[in-house]
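The next block holds one structure in the form of structure tokens; read it before the comments.
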Amino acid sequence: MALRTPLIIGNWKMHKTVAEAVAYVTAFLPQVAQVTDVEIGIAPVFTALSSVATAAKGSTLRVLAQDVATEGPTGAFTGEVAAEMLREVGCYGVIVGHSERRRYYGETDAIVAAKVRRTLDAQLLPVACVGETLDEREAGTALTVVERQLRAIAGPLTPDEAPRIVLAYEPVWAIGTGRAATPEVAQAMHRHLRATWEECFDAPAAAALRILYGGSVTTDNIAAFTSLPDVDGALVGGASLAPDGFAQLVQRSQVASA
Ligand code: 13P
10 MALRTPLIIG NWKMHKTVAE AVAYVTAFLP QVAQVTDVEI GIAPVFTALS SVATAAKGST
70 LRVLAQDVAT EGPTGAFTGE VAAEMLREVG CYGVIVGHSE RRRYYGETDA IVAAKVRRTL
130 DAQLLPVACV GETLDEREAG TALTVVERQL RAIAGPLTPD EAPRIVLAYE PVWAIGTGRA
190 ATPEVAQAMH RHLRATWEEC FDAPAAAALR ILYGGSVTTD NIAAFTSLPD VDGALVGGAS
250 LAPDGFAQLV QRSQVASA
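Per the working numbering, the sequence shown starts with residue 10, numbered consecutively.
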């Protein structure tokens, strides 16, 4: 039995109306009905979460939100959505600290840590994202930057919370560019993240941690990532937007990890 069940999540970003999202799920589910050894998730926009969760009921498809408030369960925070509210509509987890949130909305390491806290407190799974920019990689600081982001996430957790989180390594320069990291770059970073997790917790916690790769993942390159020893799945943007393509991507990930 695999120590870490592979996890593939489609991050739809700001795409799909409620009707489009439900039609996607209807088309997608039969195509992955035979997939049993990969956990599959999709992350629609807030407005589609409830309908998508209803459409996915009875299946193993996980529904995740793309963001969550730092505060909760209620309060005077105009425009925010609390983790408990996400759970109420059927969410299983939350993508936290995506680089687009960090870049365009000023999310700091401290904000990301607060969102991980709120997500855990609402009994949801945080998928916490880390990743360096192109400038940082070219300056030779990729490992340092990503390790700093990771320690900000791990620092406030208790040892019993460590198994309740998934990490995603998404180099900013690989997102939406068609320039995926090479398997060597991904493996080196994932190994470093796992080693850092061991320093923060212990060896069993590091061995159990699932670390997803994200950034220009496609049906053509998914197997090259999921066959790496420290890559436990993927966070997929553009290639998750069509149900047929995403179903094929999930199937190819499974072949590689079998
Ligand atoms: P792309 O797969 O479109 O590069 O996006 C990756 C991503 O940001 C997933 O969260």
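For every residue, glycine included, the Cβ atom is placed at its ideal position computed from N, Cα and C.
Exposed unless 16 or more other CB atoms sit within 10 angstroms - verdict on residue i
i: threonine 167; result: exposed
i: aspartate 76; result: buried
i: threonine 45; result: exposed
i: glutamate 109; result: buried
i: lysine 124; result: buried
i: lysine 22; result: buried
i: threonine 14; result: exposed
i: glycine 19; result: buried
i: alanine 28; result: exposed
i: glycine 84; result: exposed
i: threonine 63; result: exposed
i: alanine 131; result: buried
i: glycine 149; result: exposed
i: threonine 128; result: buried
Contacts around residue i, its chain only, beta-carbon distance under 7 Å, and the 5 residues preceding and following it disregarded
i: threonine 26; result: none
i: arginine 203; result: Ala215, Leu218, Ile220 and Asp239
i: phenylalanine 234; result: Pro192, Ala195, Tyr222, Val226, Val240 and Ala243
i: methionine 10; result: Per-residue confidence for methionine 10 stands at a pLDDT of 41, beneath the threshold of 50, marking its modelled position as unreliable; the derived number appears in the next sentence. Same-chain partners within the cutoff: there are none.
i: alanine 248; result: Val226, Thr227, Thr228, Gly254, Phe255 and Leu258
i: arginine 188; result: Trp182 and Ser225
Sequence-distant residues of the same chain with beta carbon closer than 6 Å to residue i, five excluded per side
i: leucine 143; result: Trp182
i: alanine 163; result: Cys209
Other residues of its chain near residue i: CB distance less than 8 Å, five sequence neighbours each side excluded
i: alanine 256; result: Phe37, Gln40 and Val41
i: valine 139; result: Gly106, Val155, Gln158, Leu159, Ile162, Leu176, Ala177, Tyr178, Glu179 and Leu202
i: leucine 12; result: Ala216 and Ala217
i: serine 59; result: Val98 and Gly99
i: lysine 66; result: Gly99
Pick out every residue whose C-beta is nearer than 6 Å to a heavy atom of the ligand 13P: which are they, in chain order?
Asn20, His107, Glu179, Ile184, Gly185, Gly223, Gly224, Ser225, Val226, Leu244, Val245, Gly246, Gly247 and Ala248
If contact is defined by three or more beta carbon pairs under 8 Å, each pair taking one atom from either stretch, is the region 144 to 155 in contact with the region 101 to 119?
no
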